[in-house]
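Written below as C-alpha cells is the structure these notes are about.
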Amino acid sequence: MLNSIKDTRMGLLKKLNNYRLDKGWSQAKLGRVLGVSHVTVCNWFAGKTCPSDIWAYHIQKFLKQKGVKI
185 MLNSIKDTRM GLLKKLNNYR LDKGWSQAKL GRVLGVSHVT VCNWFAGKTC
235 PSDIWAYHIQ KFLKQKGVKI
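Numbering (our numbering), first residue to last: 185 to 254.
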C-alpha cells in the first residue's frame, strides 16, 4: 500500500511538473505560487522527498483549478 501512495504522489508530481513546464515557470516560481520553498519543489521533482498528505491534497486542488485532469 505504501508503494501505491508513493506512486500516486509521483504521478501527481509529474502532472505538476508538466503544468509548470507548459507555463514556462521555474521551480522557484512554482514554489511561490504554491507557497513552498523552491528547495521543496526541487526535492519533490528530484525524488528526494514526497509531498505530505496535506501538500498532495493542495497540489491536486491546484491542478484541478487549473483544468488539469487528475
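Heads up, the beta-carbon is just placed ideally off N, CA and C, and yes, glycines get one too. The structure displayed is predicted, hence computed values, not measured ones.
Note that the C-beta distance between L205 and I243 is not below 9 Å. Residue environment: Q211 is assigned as buried (16 or more neighbouring CB atoms within 10 Å of its CB, all protein chains considered).
With respect to F246, L197 sits apart: the two C-beta atoms are not nearer than 9 Å. Going by C-alpha positions, W239 is about 11 Å away from T224. Around the beta carbon of G215, 16 or more other beta carbons sit within 10 angstroms, so the residue counts as buried. The distance from the Cβ of K190 to that of C226 is about 18 Å, inconsistent with a contact at the 8 Å cut-off.
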